[in-house]
Amino acid sequence: MAQTPQRPLPTLPLTQLDERGRSGDLDNRTFSLTFAQPVPVNDLLLLLVRGTNLSVVPDPAITGTFIGELKNVTVRQALDLILQPLGLDFAVDSGVVRVFKRAPETRIFDLNYLAASRAAASLVSAEDGRTTMSVSTSVKTDVFDELDNGVRMLLTEHAAFNVDRRAGLLQVTDFPERLDRVAVYLDAVQDRVQRQVQIEVRVIEFEPDDEKAVGIDWEAVSSQLAAARTPAERAAPRRTLTALRVTDVSKLLERLTAQGKITVIAAPRLLTLNNEPSIVRTDTLTFTVTPQVASDSALTLGFTPIVKAATAVASDMIARVADGETLVVAGFTRDREVREKKAVGRSGGWFGRSTVVTHKHLELVILLTPTIVSGVAAP
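Here it is in structure tokens:
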């Protein structure tokens with residue numbers, strides 16, 4: 207019986223750009239190829255390994271064609287670009303490239319979070335006998351629900367996944383590149399959720415030496431602090447952030463002392479997680495502060511103070527500060543009544559003591575120094 211002649215491979219427009227010998231390396235040889243007409247993928251695979259020490263073994267069930275242009279690609283890059291749109295994949299073992307239909311894989315990821323839905327609320331209020339003021343903030347979080355939604359957006363429509371709250375595990379079945387995306391997403395979430403911030407708080411009461419002064423002369427303080435900076439500090443690049451910020455609290459206190467008397471009425475040190483509020487209460491002031499840590503180590507502080515005065519005064523602000531810098535919040539004033547016993551004399555030689563009542567004008571200054579404890583890599 208006559209033998210059927212073998213069908214010759216089509217002449218394919220292959221231009222080799224980097225001739226490095228007959229190498230089986232997938233990455234040491236680059237070329238360009240162009241196909242204006244559809245080419246069977248099996249023929250294309252044979253072309254890709256021609257001139258190398260690689261062998262190719264495609265699955266017999268593989269079908270499909272390729273049309274397009276690739277420039278300056280290696281064999282590995284060409285295989286990735288050609289096979290993936292066709293639902294195919296490849297593996298290399300001892301110089302043999304095996305091509306097969308892509309199949310989903312299953313991976314299990316650790317979820318190191320509390321298995322609970324958390325509802326946090328902070329109510330900051332002050333009452334002066336006549337007026338009550340309050341600012342409330344509520345946050346409802348369920349990290350597992352949020353992860354569920356985030357992972358779902360990264361998967362194909364045929365993927366399957368399950369979140370095990372009790373075991374703290376996420377099981378996902380999908381194609382490898384989708385699983386890689388899930389891994390990157392989970393790493394990013396864990397990095398942000400587990401960032402910790404220590405906030406050193408100083409609440410200072412300022413009494414001016416000049417009884418006619420309406421408050422602190424901040425323009426003078428700012429200019430004095432700027433003049434005191436060393437050439438290296440002036441040359442160092444700084445982010446353009448909001449509010450008055452200082453890097454040396456002791457110098458700031460020296461400048462305030464030059465204008466009057468300062469008294470530290472509270473100095474708590476707070477430790478909190480990223481985006482978690484902390485509350486500080488004193489006889490004079492109540493406030494909540496919430497830090498948010500960016501990847502570049504800048505912090506955004508949500509700050510809500512309420513000052514008890516003749517009429518309670520509340521404020522709500524958001525400011526940015528660099529790691530380790532001090533945010534200065536001022537402008538809150540109040541009057542304090544001071545009663546002093548003084549000796550008095552009358553005609554006839556009788557002496558006694560009388561109570562003298564004076565009112566002192568005071569200003570409150572709040573210093574917030576956040577420091578990132580963990581969660582952001584050093585630059």
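In terms of this note's numbering, the sequence shown has 256 at position 50, counting the first letter as 1, and numbering is strictly consecutive. Yeah, the Cβ is synthetic: ideal placement off N, Cα and C, and Gly gets one too. Keep in mind that this is a model prediction, so the values were computed, not measured.
Practice task
List the endpoints of the continuous alpha helix (DSSP H) containing Arg-398.
Solution key: Locating residue 398 in the sequence shown gives position 192, counting from the first residue. That run of the alpha helix (DSSP H) goes 382 to 399.
Exercise for the section: Can you say whether Asn-480 is buried or exposed, counting buried as having 16 or more other CB atoms within 10 angstroms of its CB? Expected result: Along the sequence shown, one-based indexing puts residue 480 at 274. Asn-480 is buried by the Cβ-count criterion.
Exercise for the section: Could you tell me the distance, in whole angstroms, from the CA atom of Glu-417 to the CA atom of Ala-536? Expected result: Along the sequence shown, one-based indexing puts residue 417 at 211. Along the sequence shown, one-based indexing puts residue 536 at 330. Between Glu-417 and Ala-536, the C-alpha separation is close to 19 Å.
Problem - Under 9 Å between C-beta atoms of Phe-315 and Ala-389 - result: The residue given as residue 315 occupies position 109 in the sequence shown. The residue given as residue 389 occupies position 183 in the sequence shown. In contact: Phe-315 and Ala-389 (Cβ atoms closer than 9 Å).
Problem - Integer-rounded CB distance, given that Leu-294 should sit under 8 Å from Arg-287 - result: Residue mapping note: residue 287 aligns to position 81 of the sequence shown, counting from 1. Residue mapping note: residue 294 aligns to position 88 of the sequence shown, counting from 1. In the sequence as displayed, the identity of residue 287 is Leu instead of Arg. Not quite, the Cβ-Cβ distance comes to about 11 Å (not below 8 Å), so this is no contact.
Handout entry: Simplified DSSP state of Ala-442, which is helix, strand or coil
Key = Here residue 442 corresponds to residue number 236 of the sequence shown, with the count starting at 1. Because Ala-442 sits at a pLDDT of 47, beneath the cut-off of 50, its placement in the model cannot be relied upon, and the following sentence gives the value as read from the coordinates. Ala-442 falls in the coil class under three-state DSSP.
Exercise for the section: Might you give, ordered along the chain, the residues of its own chain that have their beta carbon closer than 8 Å to the beta carbon of Arg-282, omitting 5 neighbours on each side? Expected result: For this step, residue 282 is matched to residue 76 along the sequence shown. These residues qualify, in order along the chain: Leu-232 and Asp-233.
Handout entry: Unbroken alpha helix (DSSP H) run spanning Asn-278, endpoints
Key = As a position in the sequence shown, residue 278 is number 72, starting the count at 1. Where Asn-278 is concerned, there is no enclosing alpha helix (DSSP H), although the beta strand (DSSP E) it sits in stretches over 271 to 280.
Exercise for the section: Within its chain, find whatever has a CB closer than 6 Å to the CB of Val-255; leave out the 5 residues flanking it on each side and keep chain order. Expected result: Working through the sequence shown from its first residue, we reach residue 255 at position 49. So the qualifying residues of the chain are Val-262.
Handout entry: Simplified DSSP assignment, three categories, for Arg-475
Key = Translated into the one-based positions of the sequence shown, residue 475 becomes position 269. Reduced to three states, the DSSP call for Arg-475 is strand.
Problem - Residues that Leu-431 bridges to, as DSSP identifies them - result: Residue mapping note: residue 431 aligns to position 225 of the sequence shown, counting from 1. DSSP output for Leu-431 lists no bridge partner at all.
Handout entry: Among Asn-248, Asn-259 and Met-523, nearest to Thr-269 - alpha-carbon criterion
Key = Along the sequence shown, read from residue 1 onward, the residue named residue 269 stands at position 63. The candidate whose alpha carbon is nearest that of Thr-269 is Asn-248.
Exercise for the section: Starting from Lys-514, trace the beta strand (DSSP E) both ways and give me its first and last residue. Expected result: Within the sequence shown, residue 514 is the residue found at index 308, counting from 1. Run containing Lys-514: none; DSSP gives neither H nor E here.
Practice task
May I ask you to verify whether the region 371 to 379 touches the region 526 to 535, counting CB pairs closer than 8 Å and requiring at least 3?
Solution key: no
Exercise for the section: Sort Gly-257, Asp-351 and Thr-490 by Cα distance to Gly-520 and report the nearest one. Expected result: As a first step, residue 520 is located in the sequence shown; it is residue number 314 there, counting from the start. The sequence shown places Ala at residue 520, not Gly. Cα-wise, what sits closest to Ala-520 is Thr-490.
Handout entry: Distance, Glu-311 Cα to Leu-320 Cα
Key = As a first step, residue 320 must be located in the sequence shown, where it is residue number 114. As a first step, residue 311 must be located in the sequence shown, where it is residue number 105. If you take the alpha carbons of Leu-320 and Glu-311, they lie about 27 Å apart.
Handout entry: Arg-461 (DSSP reduced to helix, strand or coil)
Key = By one-based count along the sequence shown, residue 461 stands at place 255. Helix.
Problem - Opening and closing residue of the alpha helix (DSSP H) in which Thr-413 lies - result: Against the sequence shown, residue 413 aligns to sequence position 207. Inspection of the sequence shows that residue 413 is occupied by Glu rather than by Thr. No alpha helix (DSSP H) contains Glu-413, which is instead part of the beta strand (DSSP E) from 402 to 414.
Problem - Buried/exposed call for Ala-401, threshold 16 Cβ in 10 Å - result: As a position in the sequence shown, residue 401 is number 195, starting the count at 1. Checking the displayed sequence, the identity of residue 401 turns out to be Arg instead of Ala. That one is buried.
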